[in-house]
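Q:
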Amino acid sequence: MKNFIGTYECRIDDKGRLKLPAALVKQMGDFDDGCFVIKRAVFQPCLEVYPMTVWDRLMKKLTGLNRFIKKNADFIRQFTAGVKVVELDNAGRLQISKDLTQFAHLKKEIVITSAGELLEIWDKEAYENVIATSEENFAKLAEEVMGNLSFDDEAL
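Going by the UniProt record's numbering, the first residue of the sequence shown is number 1, and it counts up by one from there.
1. From alanine 132 to glutamate 9, what distance separates their C-alpha atoms?
2. Alpha carbon to alpha carbon, what distance is there between alanine 126 and asparagine 3?
3. Can you name the start and end residues of the beta strand (DSSP E) that aspartate 13 belongs to?
4. Compute the beta-carbon to beta-carbon distance between lysine 124 and isoleucine 110, rounded to the nearest angstrom, for a pair I have assumed lies under 8 Å.
5. Note down, one range per segment and in chain order, each beta strand (DSSP E) of at least 3 residues found wholly within the stretch 22-75.
6. Is glycine 82 near arginine 40, with beta carbons less than 8 Å apart?
7. Suppose you measure from the CA of alanine 22 to the CA of alanine 91; what does that come to, to the nearest Å?
8. Exposed or buried, valine 85, counting other C-beta atoms within 10 Å across all chains shown (16 or more means buried)?
9. Output the boundary residues of the alpha helix (DSSP H) element that contains leucine 100.
10. Tell me arginine 93's beta-bridge partners as DSSP assigns them.
11. Measuring only the C-alpha atoms, how far is threonine 80 from glutamate 120?
12. Let me know the secondary structure DSSP gives leucine 149 once reduced to three states.
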């Protein structure tokens, strides 16, 4: 399992083309086919970029849900709304569709940040607001989320 590393600031042009930093382009090249899926995030006004292999694993789980249960069908519809397949062009850019650009309120200044197996694309101001939490609040969140995990050699 490969993970992305880093947070990068970049710009999006008026046509929705996002020029990626060379370090990130290099990481993206580590994934087998160079195809990615971009979609709206579930919890935040940002976009998520999945390598196709990661997306395929996720979709295998989603397609295993019984679509004759209304909440399952509703979730799948909402989760996959606006999904696009993208590839880097020769200039190292991703094309972000207008509907996704509007969803994430992307202006000119953009932050791309690693989130394990996927990337998040944020409007810079929105990203800074989200991560601007007090030290005490982050410490409490870290304890709640990570406090009961075992960090033996096998888990690492």
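From the three backbone atoms N, C-alpha and C, an ideal C-beta is built for every residue, glycine too. Keep in mind it's a predicted model, so treat the numbers as computed, not measured.
A: Judging by the given coordinates:
1. Taking the first residue of the sequence shown as 1, we reach residue 132 at position 132. Taking the first residue of the sequence shown as 1, we reach residue 9 at position 9. C-alpha separation (whole angstroms): 17 Å.
2. By one-based count along the sequence shown, residue 3 stands at place 3. By one-based count along the sequence shown, residue 126 stands at place 126. Asparagine 3 and alanine 126: Cα-Cα distance of roughly 24 Å.
3. Sequence index remark: in the sequence shown, residue 13 carries index 13 (1-based). No residue range can be given for aspartate 13, since it is assigned to no beta strand (DSSP E) and is classified by DSSP as neither H nor E.
4. As a working mapping, residue 124 is identified with position 124 in the sequence shown. As a working mapping, residue 110 is identified with position 110 in the sequence shown. Indeed, because the Cβ distance is near 6 Å, the residues count as touching under 8 Å.
5. 35-40, 47-51
6. In the sequence shown, residue 82 corresponds to position 82, counting from 1. In the sequence shown, residue 40 corresponds to position 40, counting from 1. Yes, they are a contact pair.
7. In the sequence shown, counting from the first residue as 1, residue 22 sits at position 22. In the sequence shown, counting from the first residue as 1, residue 91 sits at position 91. Alanine 22 and alanine 91: Cα-Cα distance of roughly 10 Å.
8. The residue you call residue 85 lines up with position 85 of the sequence shown. Classification for valine 85: exposed.
9. By 1-based counting over the sequence shown, the position of residue 100 is 100. Here the alpha helix (DSSP H) through leucine 100 covers 98-103.
10. By one-based count along the sequence shown, residue 93 stands at place 93. DSSP lists Lys19 as partners of arginine 93.
11. Translated into positions along the sequence shown, residue 80 becomes position 80. Translated into positions along the sequence shown, residue 120 becomes position 120. If I take the Cα positions, the gap works out to 16 Å.
12. Looking up residue 149 in the sequence shown gives position 149. It is coil, neither helix nor strand.
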